[in-house]
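Data first, discussion second: the structure below is written as structure tokens.
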Amino acid sequence: MDIDAVFPLKLWINLGRREDRRLQTEFNLADAGITARRFPAIDARSKRKPFASTPAELPQAAEKTGDPGSIDAKAAEVDIRGYESAGRYALALTQRLALREAARRGAPAVLLLEDDVQFHPNFQELIKAVEVPDDWGIFYLGCAHSQPPRWAGNRVVRVTHAVDTHAVAIRAPYYKQVMRMLDRHGKPDLGVAKASDQFLALLHRKIPTYACYPNLAWQAVSESDLTGTRYSNYGTDGQQRNWTQTVAGLLGEVINPPEEPKADSETERFAHQANGAEASRGASILRSHQPSSGTAGRPRLGLLFLTRGDVNHPQIWREFLEEAPERARVFSHPKFPEQLQGGFLDGTAISEWFDTKWGDISLVRASRSLLLEALEDKTLTHFALLSESCVPIRPLPEILRRLELDPRSQFGYNRPHESHAKHRERSGAAPLVPTACWRFTSQWWLMDRITAVLSAGVDYTGIFENMFVPDESYFATVLAMQGFPLEDGVLRRYSTWTSWEKNAGSPTSWPEIPVGKLRDLFQSGALFARKFPKEADIGRYGLHRSPAFAASKALDSGRKLSPPRRLPPLPERPKAE
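Quick note on the working numbering: the sequence shown kicks off at 46 and runs consecutively.
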């Protein structure tokens, strides 16, 4: 979308006394590349309904106390020209005046922005992938859907009922219809909350209405002129906090619509290319990511090993897979392929190979290649990136059950203000990434299919090429750049437990793991753990096997079943003298 061509007139609404918002909005608009005119808002203070002055007109609370001073201001403002408060009426009146100004100017469309609007940090790139349908009458850059929307193509959904007017456009043929709806003085009660966004929502089935999805604009957390409280109806990634069930699963439909796209480029534009040529393989994944219908509600896990050679503990992995071999599939990218012969990873190497180096973009390219190869198996629903020193610390059936009950991706991440200074310094080597899009993570992750498609379907490695250790930010940052709502779509917990000593250059290796660390590992919520060298004793704890399955295997083989190894108690703290 060329936002200037589609919305030639852009007005942002601001109260004269809110200089703080004025300055912030000017900054936000410039950052989003939007040129808009300030439109002065009607001040609710000039539109308040006078308090009742006779006892017969006082609210019940005042009648009981006999004290007119106890009248609640909101109770006294029951109906201001068809609105629930002076603030609501003033906003609606301002919106009507803005539409009248658009009509006076002969503008074919107008985009109305409120002064607490917040834009996605990658707005300028993402808006290019949006294609507004020809028949549009109302268009939201972001909103909260109270009824399920329908996929319309190119990051756009057809709205059936949505609220919030922080970034809404109206087309000229519908100016008068919208103004009439917003003028509620002396008109019948419509049975909805008396606010302009609720009245506008009643037109969504009469006027062709569309919206960006995921949201590209939403309400920032700030003090509301309407309620006097600090709040937002949206999360930090722009996802709606109310009626979340109406958009559950919608992202998968947006990426892979029920009907075939009109052209190959349509779905590719969903993940707008930031650094040049499309990788045809990734584009193919974007067009056909949908998992097999036979796997619906039944997770199947892809284990993606990024290694030097074979795994350190092949027997643990064999026993792990033995409990549900049909529910997992192994892929590998070894630095030294000849070392796989006769090992656990023999026959699992993917066709594409990169000469990987520590701290280099080659690790990201190898990981992405693993993910793309695994995505070609449509029966796989989840994907875990692992190293040769990883071991499972939950039985496979337990992991699959977790993914069935909560299918979200799992990896820890930090935003720039939460991260270590060294991460922020490293990000300077990739200046094309918007600052607010950075997400710093572990190299190891577990992704669901939708997250995997969005993070790997388009090759952004070129803009991370000069960065040191890009594998600790690439995938989560790309998701943020695409508008993926990490706050809702990701279980913010590390999928692979790792222990780092302060100021260490690499994680601790555990030939023998102390009791305290073992308990940390088990209580972490992680599914896998590292680093365990070949001589490590981690297998003796049997964390990777279900007790019942282990007992059954022992009976089948005629072996005497050894009792499970108990964890020794933690040492008592010395008593204070």
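Glycine included, C-beta positions come from ideal geometry on N, C-alpha and C. Everything numeric in this text was worked out from a predicted model, so none of it was measured.
If you drop the 5 nearest sequence neighbours on each side, which residues of the same chain put their C-beta closer than 6 Å to that of residue i?
{"i": "Arg30", "result": "Nothing can be reported for residue 30: it is not among the residues displayed for the chain, which extend from 46 to 622."}
{"i": "Arg27", "result": "The requested residue 27 is not part of the displayed model; the chain covers only 46 to 622."}
{"i": "Thr139", "result": "Ile58, Ala86, Ile87"}
{"i": "Arg216", "result": "Ala154, Gly182"}
{"i": "Asp391", "result": "Leu385"}
{"i": "Ala262", "result": "Val162, Phe164, Leu186, Gly187, Ala212"}
{"i": "Arg133", "result": "Ala240"}
{"i": "Trp483", "result": "Pro461, Ser472, Thr522"}
{"i": "Tyr219", "result": "Gly182, Ile252"}
{"i": "Glu449", "result": "Pro344"}
{"i": "Asn260", "result": "Gly187, Gly283"}
So, helix, strand or coil for residue i, using DSSP?
{"i": "Met492", "result": "strand"}
{"i": "Tyr134", "result": "helix"}
{"i": "Arg353", "result": "coil"}
{"i": "Tyr539", "result": "coil"}
{"i": "Thr401", "result": "coil"}
{"i": "Gln163", "result": "strand"}
{"i": "Leu390", "result": "coil"}
{"i": "Pro53", "result": "coil"}
{"i": "Trp196", "result": "strand"}
{"i": "Thr139", "result": "helix"}
{"i": "Thr70", "result": "helix"}
{"i": "Pro178", "result": "coil"}
{"i": "Phe633", "result": "Residue 633 cannot be examined here, being either before or after the span of the chain that is shown, 46 to 622."}
{"i": "Ile395", "result": "coil"}
{"i": "Ser500", "result": "helix"}
{"i": "Gln264", "result": "strand"}
{"i": "Ser518", "result": "coil"}
{"i": "Ala152", "result": "coil"}
{"i": "Leu431", "result": "strand"}
{"i": "Pro559", "result": "coil"}
{"i": "Leu295", "result": "helix"}
{"i": "Arg10", "result": "This structure does not reach residue 10, given that the chain is present from 46 up to 622, and the question cannot be answered."}
{"i": "Phe184", "result": "strand"}
{"i": "Val523", "result": "helix"}
Give every residue of the same chain whose Cβ lies closer than 8 Å to the Cβ of residue i, excluding the five residues on either side of it in the sequence, and list them in chain order.
{"i": "Lys579", "result": "Asn357, His358"}
{"i": "Ser591", "result": "Glu368, Pro440, Pro442, Glu443"}
{"i": "Ala373", "result": "Arg345, Leu346, Gly347, Leu348, Leu366, Leu441"}
{"i": "Arg66", "result": "Asn59, Leu60, Asp160, Asp161, Ser267"}
{"i": "Phe381", "result": "Arg353, Gly354"}
{"i": "Thr401", "result": "Leu351, His378, Lys380, Ser407, Leu408, Ala411"}
Which residues bound the alpha helix (DSSP H) around residue i?
{"i": "Ala411", "result": "406–420"}
{"i": "Thr254", "result": "Here Thr254 belongs to no alpha helix (DSSP H); instead the beta strand (DSSP E) covers 254–257."}
{"i": "His468", "result": "466–472"}
{"i": "Tyr586", "result": "From DSSP, Tyr586 is part of no alpha helix (DSSP H); its letter is neither H nor E."}
{"i": "Phe365", "result": "359–367"}
{"i": "Ile444", "result": "441–450"}
{"i": "Arg225", "result": "220–227"}
{"i": "Phe244", "result": "241–246"}
{"i": "Phe168", "result": "168–171"}
Quick one: measure Cβ to Cβ for residue i and residue j, integer angstroms, because I've assumed they're closer than 8 Å.
{"i": "Leu156", "j": "Phe52", "result": "4 Å"}
{"i": "Arg537", "j": "Gly457", "result": "6 Å"}
{"i": "Glu433", "j": "Asp355", "result": "7 Å"}
{"i": "Leu245", "j": "Val223", "result": "7 Å"}
{"i": "Asn287", "j": "Ala189", "result": "6 Å"}
{"i": "Gly534", "j": "Arg453", "result": "6 Å"}
{"i": "Ala474", "j": "Met512", "result": "4 Å"}
Apart from the five residues just before and just after residue i, which ones in its own chain have a Cβ nearer than 7 Å to its Cβ?
{"i": "Ala197", "result": "Pro178, Arg203, Tyr255"}
{"i": "Pro193", "result": "Thr205, Thr291"}
{"i": "Ala655", "result": "In the structure displayed, the chain extends from 46 to 622; residue 655 sits before or after that span and is not available."}
{"i": "Glu470", "result": "none"}
Tell me which residue opens and which closes the beta strand (DSSP E) that residue i is part of.
{"i": "Ser377", "result": "373–379"}
Using 8 Å as the Cβ pair cut-off and three pairs as the minimum, do the segment 403–420 and the segment 506–523 touch? yes
Does the segment 275–293 come into contact with the segment 527–542, if we say contact requires no fewer than three beta-carbon pairs (one atom in each stretch) closer than 8 Å? yes
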